[in-house]
Amino acid sequence: MIRRYSYQSLRFLLFLLSCVGPEKFWPTCIVDHSLAEGFSQPDGIGGVMSPMDLHTSFFGHHTSKQSCAHIVNVGKPRPLRVSITDFGAVGDGKTLNTKAFENALQYLHSNADSDGAQLTIPAGRWLTGSINLISHLTLFLENGANILGSEDFNDYPIIPELPSYGRGRELPGARYSSLINGDNLEDVTITGENGTIDGQGGVWWKAFRNKTLDYSRSHVLELIGSQDILIFNLTFQNSPSWTIHPVYCKNVVIKNLTVLNPNDSPNTDGIDPDSSQHVCIEDCYISVGDDAISIKSGWDQYGISYGMPSKHIQIRRIVSASKTFGIHAGVSFGSEMSGGISNVKMGSALQNLTRTWRIH
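Heads up: the sequence shown is residues -25 to -1, 1 to 335, going by mature numbering (1 follows the signal peptide of the UniProt record, and there is no 0).
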């Protein structure tokens, strides 16, 4: 116990040095927890207001000079647009629509020009297994649209471990694919009129606690080696494990999201940029079972060997209402950070947590 305490203290000291040391030798860290100009705390913070009311009160009536707009081109028009219903999908919450999603995305991939295409999800409950996005795509959830992750593990193909981890996060070997996946993509927008993407993680949490899983759990959204990514105006909830996981990505904007996982759900981080650069996270409400935001860069010798740090990350105007006692934090560094972390700016954040930020 004494040795572990000393090790954590040393890491904390090194981080503090990184915040003040010259950039040539140490990563730059700027922590600013002051409220932005014109950004006032609403009445009822701390559990009186509902998550959506709280999100609106904070972000719906305030403007700030700082934004992520310069990173990704927002609102790019898509000349080709189709609805998931055009491919036989049924939004009754019971019919499995994995094939309809596959067919729709294949159609768009084959028929869209360089400006890309939009797949619209109308109001309804659209049950699906794992799906793989394409480049130059807008996935748009209309008001009342709910994408539901299948509760059958067989609907999630087994995929290789990430090279910077060398194994599944929880078990040796491969892992389950996520509900929504993207690999080596560019120019992808996931947005809507506050639609919901629900991982239905209850079955995963139970299997994890009972140690009956054959592979490591999936995420709601994982993007690998992708760039020019925009995710906004949605609710993500009930993730099997980490909720939103951009890994080896660059130019990523995540904004105006509500992320909800039960406080007792295991390892359900909100947003985890991992070995990624030029990432901006702003104006989000996050209440989850672990860290609201966790910056990562690989695990042990695999992360060191892969050698891809997370850097140039901006985090601002984040509300986290988790009051779980334990290890959770508003923003954490690691614990998987063997590839390094540098140039992180945190500002204008308000949390209702046991810890605002921490280093593993």
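A virtual CB, placed ideally from N, CA and C, is assigned to each residue, including glycine.
Just so you know, the alpha carbons of residue 197 and residue 162 end up roughly 15 Å apart. For residue 80, the enclosing alpha helix (DSSP H) stretches over residues 73 to 86. Within 10 angstroms of the beta-carbon of residue 215 lie 16 or more other beta-carbons, which makes it buried. About 5 Å separates the CB atoms of residue 152 and residue 132; that is less than 8 Å, so the two are in contact. Contact between residue 232 and residue 173 fails: their C-beta atoms lie close to 14 Å from each other, not under 8 Å.
Out of 263, 267, 166, the CA that lies nearest to the CA of residue 51 is found in 166.
The beta carbon of residue 206 sits closer than 6 Å to those of 165, 229, all from its chain and outside the five residues before and after it, given in chain order.
The criterion of a C-beta distance shorter than 8 Å is satisfied by residue 112 and residue 94.
For residue 186, no alpha helix (DSSP H) encloses it, and the DSSP letter there is neither H nor E. Rounded to whole angstroms, the gap between the alpha carbons of residue 169 and residue 242 is 25 Å. Taking C-beta atoms as the reference points, residue 283 and residue 306 fail to come closer than 8 Å.
Judged by their CB atoms, residue 105 and residue 145 are not nearer to each other than the 8 Å cut-off. Unbroken alpha helix (DSSP H) stretches of 4 residues or longer found wholly inside the region 118 to 195: 177 to 185, given in chain order. In the structure shown, residue 96 falls within a strand segment according to DSSP collapsed to helix, strand and coil.
Ranked by Cα distance from residue 223, the first of 193, 98, 260, 270 is 270. DSSP places residue 278 in the uninterrupted alpha helix (DSSP H) bounded by 275 to 281. Ranking 59, 319, 277 by CA distance to the CA of residue 137 puts 277 first. Between the C-alpha atoms of residue 317 and residue 285 there is a straight-line separation of about 6 Å. With a contact defined as Cβ atoms closer than 8 Å, residue 140 and residue 273 qualify at about 6 Å. The secondary-structure analysis by DSSP pairs residue 228 across a beta bridge with 205, 255.
In this structure, residue 62 lies away from residue 44, with their beta-carbon atoms at least 8 Å apart. Judged by DSSP secondary structure, residue 112 falls within the beta strand (DSSP E) whose first and last residues are 112 to 116.
Secondary structure of residue 316 (DSSP, three-state): strand.
Under DSSP, residue 220 forms a beta bridge with 197. Between residue 66 and residue 101, the C-beta spacing is below 8 Å.
The alpha-carbon of residue 68 is positioned some 11 Å away from that of residue 98.
In the DSSP assignment, the residues bridged to residue 107 are 156. Under the three-state reduction of DSSP output, residue 61 falls in the helix class. Judged by beta-carbon spacing, residue 267 lies beyond the 8 Å limit of residue 240, meaning their Cβ atoms are not closer than that value.
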